[in-house]
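Colleague: So for the sequence shown, my numbering puts the first residue at 47; every next one is plus one. Even for Gly, the Cβ is constructed at its ideal location relative to N, Cα and C. Following this message is one structure expressed as structure tokens.
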Amino acid sequence: AVLKNPNTQQLREAGQAYPVWLTDKYLQLPENFSPRIRELASEITAGNENPYDKAVAITRYLRDNIAYADSLPQAPRNQDPLEWMLFENKQAYCVYYATAEVLMLRSLGIPARLAVGFAEGEQDESSSDYVVRKLDAHAWPEVYFPEYGWVEFEPTTNQEPIERPEAREERPSSVPFGNNPAQPQSQPDVEFTPDQ
């Protein structure tokens, strides 16, 4: 398997050369998508030039302005539940956070999807194992970056934020060439004469 873990510089430079199959599916919005949410997404990301910085801005906005709640009361009748969550109730759990981010990003022309699975759980203190329970079920947004694929973001405030390095450090190998035990060693040059 090839695991790509791009840094922020790489994601900022990834561009927007999205294939058609991707934009056809991952830019879809409801026909009656909220103009208020679209406008909020534009305001939050104003001044950001690339999809990565826009996704970070929306993630940060949700983390800073929407409080985590295990459950929510029902939205008032005839009101868009996401509008109500973002502008009035200002509380959410993971599905709301992730849905809001996905739809805001799509409204900006950035392919995004909602992923579901489990959060990391708790580490067992007697071992290095993690215990993942039903209560660790989780949803999060993922954003598509050309050459890197889907990259996760974490707007839900009861989860640790995702920290990415700004740029990779180029480190010289600590094992000098030729002294790496995993590298085949060449045999020393030996003179050969026909008499031997």
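Just verifying my parser: in three-state terms, what is the DSSP assignment at Tyr190?
Modeller: For this step, residue 190 is matched to residue 144 along the sequence shown. Tyr190 carries a strand assignment under DSSP once its states are collapsed to helix, strand and coil.
Colleague: Once DSSP output is grouped into helix, strand and coil, what is the label at Ala213?
Modeller: Here residue 213 refers to the residue found at position 167 of the sequence shown. Here Ala213 sits in coil by DSSP.
Colleague: Per DSSP, what kind of secondary structure is Phe133 in: helix, strand or coil?
Modeller: One-based indexing of the sequence shown puts residue 133 at position 87. If DSSP states are grouped into helix, strand and coil, Phe133 belongs with the helices.
Colleague: Quick one, are the C-beta atoms of Pro187 and Pro207 less than 8 angstroms apart?
Modeller: Numbered from 1 along the sequence shown, position 141 holds the residue referred to as residue 187. Numbered from 1 along the sequence shown, position 161 holds the residue referred to as residue 207. Contact: no.
Colleague: In angstroms, rounded to a whole number, what distance separates the CA positions of Pro97 and Gln62?
Modeller: The residue labelled residue 97 in the question sits at position 51 within the sequence shown. The residue labelled residue 62 in the question sits at position 16 within the sequence shown. Distance between the alpha carbons of Pro97 and Gln62: 8 angstroms.
Colleague: In the DSSP output, which residue or residues are listed as bridge partners for Leu160?
Modeller: In the sequence shown, counting from the first residue as 1, residue 160 sits at position 114. For Leu160, which the question treats as bridged, DSSP gives the partners Pro187.
Colleague: Hey, is the segment 95 to 112 in contact with the segment 143 to 151, meaning 3+ C-beta pairs nearer than 8 angstroms?
Modeller: yes
Colleague: Using DSSP bridges, identify the partner residues of Ala138.
Modeller: By 1-based counting over the sequence shown, the position of residue 138 is 92. Ala138 pairs with Tyr114.
Colleague: With H, G and I counted as helix, E and B as strand and the rest as coil, what does DSSP make of Glu85?
Modeller: Mapped onto the sequence shown, residue 85 falls at position 39. Here Glu85 sits in helix by DSSP.
Colleague: Which residues mark the beginning and the end of the beta strand (DSSP E) in which Glu198 is found?
Modeller: Along the sequence shown, one-based indexing puts residue 198 at 152. Taken as a continuous stretch (DSSP letters only), the beta strand (DSSP E) holding Glu198 covers Gly195 to Glu198.
Colleague: In the DSSP assignment, find the unbroken alpha helix (DSSP H) run with Asp70 in it and report its ends.
Modeller: In the sequence shown, the residue the question calls residue 70 occupies position 24. Segment Val66 to Tyr72, the alpha helix (DSSP H) holding Asp70.
Colleague: Kindly indicate which three-state DSSP category Pro119 falls into: helix, strand or coil?
Modeller: In the sequence shown, residue 119 corresponds to position 73, counting from 1. Coil, per DSSP.
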